[in-house]
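Student: Below is one structure. I have some questions about it.
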Amino acid sequence: MVEEFKSKVILNEYCADKRSIFLRYQIPRGIFVNGKEVWFGHEVPKDGIRKATLKALEK
Numbered sequence: 004m005v006e007e008f009k010s011k012v013i014l015n016e017y018c019a020d021k022r023s024i025f026l027r028y029q030i031p032r033g034i035f036v037n038g039k040e041v042w043f044g045h046e047v048p049k050d051g052i053r054k055a056t057l058k059a060l061e062k
C-alpha cells in the first residue's frame, strides 16, 4: 500500500507480541486510518485496508 499511495500515507507498524507495545496500546491488533480504528471483526483483508485508506483520502 505504501508503494501505491506513496507520500499520501505513512505506515506505522507495531508488534503487539512485545509486551511494552501491548501495554501502551492495550490491543492485540488493530488497523487505524487517521487515528480511527477500522474494524472488520476478523483478520483484515488487504483490500479492506486499501478501501479504508481510499475513503480517508477522499475527505
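Counting the sequence shown from 1 gives a position; the numbering used here is that position plus 3.
For every residue, glycine included, the Cβ atom is placed at its ideal position computed from N, Cα and C.
From what residue to what residue does the alpha helix (DSSP H) around lysine 58 run?
Tutor: Taken as a continuous stretch (DSSP letters only), the alpha helix (DSSP H) holding lysine 58 covers 49 to 61.
Student: Using 8 Å as the Cβ pair cut-off and three pairs as the minimum, do the segment 34 to 49 and the segment 17 to 26 touch?
Tutor: The segment 34 to 49, when compared against the segment 17 to 26, does not touch it at the 8 Å Cβ threshold.
Student: Assuming phenylalanine 35 is part of the beta strand (DSSP E), what are its boundary residues?
Tutor: 34 to 36
Student: Rounded to whole angstroms, what is the Cα-Cα separation between asparagine 15 and arginine 32?
Tutor: So the two alpha carbons sit approximately 13 Å from each other.
Student: Using a threshold of 7 Å, state whether the C-beta atoms of valine 41 and alanine 59 are closer than that.
Tutor: Not a contact, by the Cβ cut-off of 7 Å.
Student: May I ask which residues mark the beginning and end of the alpha helix (DSSP H) holding glutamate 40?
Tutor: Where glutamate 40 is concerned, there is no enclosing alpha helix (DSSP H), although the beta strand (DSSP E) it sits in stretches over 39 to 41.
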